[in-house]
Amino acid sequence: MAPGADYELSDLDLAARLSFFLWSSLPDEELLTLAEKGQLQNTEVLEQQTERMLKDSRSNALVENFAGQWMYLRNLPSLVPDAVEFPQFDENLRTAFRQESELYFESLLKDDRSALDLLGAGYTFLNERLAKHYGIDGIYGSHFRKVELEGPSAQQRGGILGQGSLLTATSYANRTSPVLRGKWVLTNILGTPPPPPPADVPDLPETGEDGQPATIRDRMIQHRKDPNCAVCHLPMDPLGLALENFDAIGRWRDTGEAGLPIDASGQLPNGTEFYGLDGLREILLDRSEEFVGTITEKMFAYAIGRPPEYFDKPTIRQITRTAALDNYRWSSIIKEIIKSTPFRTRRTES
């Protein structure tokens, strides 16, 4: 077989790829039996098995591992927020952060909701410790339960961008980072990662031009005055600054450094203005095809075990377009990935 040529996976290899994608484990007896009978190449059978496997509790591995990569949940164990700045942070909170995000992602998958609901489904999962951290009353006990978000909490905590796990994972130990947060949105939601920064980037100035303590926003504005920095920071900084109402451990705040009021306004390079998490969410939902295309690409890479190549792009676009006909439901995205040629083939090394 010529180098770089595609060949169809055997039924047994396809069973293994399917099982490792959805369960992170070996195929079970039912899947192996179908593979041994040569029935797994049948698209209808493949869809039926996908539905069965997603309903099985073993599909929780997809939540833990995929969300762990995509939402940086795997980074949580190594995060050490400054104990002087954030004495409230402890191991119980660290564990609660991860559990909220995993339960939320799992509920979207199990209920076959739209991938767009990652940005806000009107509810989250809380226990007493996390509810107090978020300023939400009426939640008692250590067990997690589904909580409908109402009033201010609906604006502050709807979707993954208001969850402590992601907000903490995209902060420094002693302060927030609009750059890290904006970069995460560009990379993992809009699919337009910025290039690596140059090696000699100076630290952000601690004071403004008047010598007074500067807010993060003012420091970023000074930083962008360097044309070499502005190219990447103009599209990135507004996305991160929209989340400045959340501190480095995900608590809501109205004032920031030196007691100065938070300004969470933003303007994209095309002139579009927005404010805070609510405004950012609207901006991202207006670009739903880009968002779902990005999450599809991330899941596609997870499913086939390699980064997408240029020749995979048409397939990913087709998966996204097909899923759009079903309101971007998770079952549609996952089934279309599994039915795709790249999932059912392997390429010889060139």
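Read in order, the letters of the sequence shown are residues 2 to 351 in the working numbering.
No residue lacks a Cβ here, since even glycine has one placed at the ideal position from N, Cα and C.
Taken atom to atom, the span from the alpha-carbon of P270 to that of F292 is near 18 angstroms. When only Cα atoms are considered, L80 and G69 end up about 14 angstroms apart. Taking I250 as reference, the option from A170, L242, E129 and L326 with the minimal CA-CA separation is A170. Beta bridge pairing from DSSP links F275 with G267.
In the structure shown, L127 falls within a strand segment according to DSSP collapsed to helix, strand and coil. Within a 10 Å sphere around the beta-carbon of R254 sit fewer than 16 other beta-carbons, which makes this residue exposed.
If the five residues before and after G165 are omitted, its C-beta is found closer than 6 angstroms to the C-beta atoms of F98 and G251, all from its own chain and listed in chain order. According to the DSSP assignment, T346 belongs to the beta strand (DSSP E) that extends over T346 to R348. Looking only at C233, T256, E245 and L10, the smallest Cα-Cα distance to P179 is reached by E245. Close CB contacts of L109 within its chain, under the 6 angstroms cut and outside five residues either way in sequence, are with D118 (chain order). Judged by DSSP in its simplified three-state form, T169 adopts helix. When only Cα atoms are considered, F106 and P199 end up about 35 angstroms apart. For Y303, the enclosing alpha helix (DSSP H) starts and ends at S289 to I305. Listed in chain order, the non-local C-beta contacts of T44 below 8 angstroms within the same chain comprise K340, local neighbours out to five positions each way being set aside. The segment 35-64 is shown to contain whole alpha helix (DSSP H) runs of 4 or more residues at 44-56, in chain order. Excluding residues up to 5 positions away in sequence, R18, R345, T346 and R347 lie with their Cβ nearer than 8 angstroms to the Cβ of L10 in the same chain. Taking a C-beta distance under 8 angstroms as the contact criterion, L240 and L187 qualify as a contact pair. Runs of the beta strand (DSSP E) spanning 3 or more residues and lying entirely within the segment 91-137 occur at 124-127, in chain order. The beta-carbon distance between L162 and R330, rounded to whole angstroms, is 21 angstroms. This is too long to meet the 8 angstroms contact definition.
DSSP, read as helix, strand or coil, puts W24 in coil. The C-beta distance from G159 to T295 rounds to 20 angstroms, too long to meet the 8 angstroms contact threshold. Secondary structure note for D313: it is in no beta strand (DSSP E), with a DSSP letter that is neither H nor E. If you compare the alpha carbons of V46, E298 and N328 with that of I338, the shortest gap goes to E298. Inclusion of D83 and Q42 in the CB contact set at 8 angstroms is not warranted, their separation being larger than that value. Counting only residues of its own chain and dropping the five nearest sequence neighbours on each side, L235 has a CB closer than 6 angstroms to the CB of P270. Per DSSP, the continuous alpha helix (DSSP H) segment holding E337 begins and ends at W331 to K340. The residue among P315, L261 and M54 with its C-alpha nearest the C-alpha of L23 is M54.
About 7 angstroms separates the beta carbon of F275 from that of A243, a gap short enough to meet the 8 angstroms contact definition. Across the structure, L286 and Q156 are spaced so that their CA atoms are roughly 15 angstroms apart. Residue pairing by DSSP places R146 opposite L127 in a beta bridge.
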